[in-house]
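Residues are numbered in this note's numbering as their position in the sequence shown, beginning at 1, plus a constant of 11.
Structure, as structure tokens:
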Amino acid sequence: MNQPREVCNFDVALEFVKRLRSLKHRSSQSTRLEVVYHWTREENVNKIIENNLKPPGATNADGTQIHVLNGEAFGRGIYASTDVNYGRAYGAGLSCGFLCLAFPGHMGRTPHGKGIPKRLCKKDDCYQQGSLRVYRSSEQVLPLFFTDLPTAPRLSEVAQTIARVLRERVLEQSVTELEFKKGEKVEVLWHGSYWQAEVAQVRADGLLDVKWLFPFQTWPAECGVSTARLRRPEGH
């Protein structure tokens, strides 16, 4: 049970792809694919693999209902994070959690001014605060792997490769749209989390050299980075 492994369910994946395809003519922000993590207790693992992550109030195939277990501080939905360490305590001692692909749909944001929601609202499909994500429906989330911390970076790269295929084949984004250019601001997956950087060099072998941005600009540059580890910041 508590071992890294692939957990992708065909029926769950089909619903995820259908929902993603239905949004392909919306803004690119609505279909922005990213890797997120969800930690849970051992008794919930098989039900999630069989039924997907579900918001409280939803029902599994066997008729069992999903109940609120850890509060609803940011609204009723499916809680996940882009930070692999976020929420580990909810695993109650498990060394593995779910690594998923997810997309926001229409998304509320953390408050930067008056009138901006502080939790998942009725008009939103997703709420974001820092690394935290709250998704309204199961079709926005696709569990791919059950992973521990040491294995997460490698599996995250695999998930990013899957995301690239989905962008090309489901969202029909051109290769040119997916390319990164020298000087472009990016976010780089490193040890399970994303960090702000700038593309310093696009190499002939297709790999990139990146330099870190404030406040990490004194870190050594990262060389030979696969594009599977990169994403564009929100709003780009």
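For each residue, glycine too, the CB sits at the ideal point set by N, CA and C.
*Work out the CA separation of Asp135 and Val28 for me, nearest whole Å.*
20 angstroms
*Taking 8 angstroms as the cut-off, decide whether the C-beta atoms of Val47 and Ala113 are in contact.*
yes
_Terminal residues of the alpha helix (DSSP H) in which Asp73 lies_ = Taken as a continuous stretch (DSSP letters only), Asp73 belongs to no alpha helix (DSSP H), as it is neither H nor E.
_Residues of its chain near Val181, where Cβ-Cβ distance is below 8 angstroms and the 5 sequence neighbours each way are ignored_ = Val28, Leu31, Arg32 and Lys35
*By Cβ distance below 6 angstroms, which residues in the same chain neighbour Arg52 in space, the five residues on each side in sequence not counted?*
Ala103
*Going along the chain, which residues of its own chain have a beta-carbon closer than 6 angstroms to the beta-carbon of Asn63, five neighbours each way excluded?*
Val23 and Ser149
_Uninterrupted beta strand (DSSP E) stretches inside the region 126-214 (no shorter than 3 residues)_ = 137-140, 143-146, 152-158, 196-201 and 204-213
*Give the secondary structure of Leu31 by DSSP, where H, G and I count as helix, E and B as strand, and everything else as coil.*
helix
_If you follow the alpha helix (DSSP H) that Lys58 is in, where does it begin and where does it stop?_
Glu53 to Asn62
*Hey, Gly203 and Pro164: beta-carbon distance below 8 angstroms or not?*
yes
*Using the C-alpha atoms, what's the distance from Asn96 back to Val197?*
22 angstroms
*Taking all protein chains shown into account, decide if Ala84 is buried (16 or more other Cβ within 10 angstroms of its Cβ) or exposed.*
exposed
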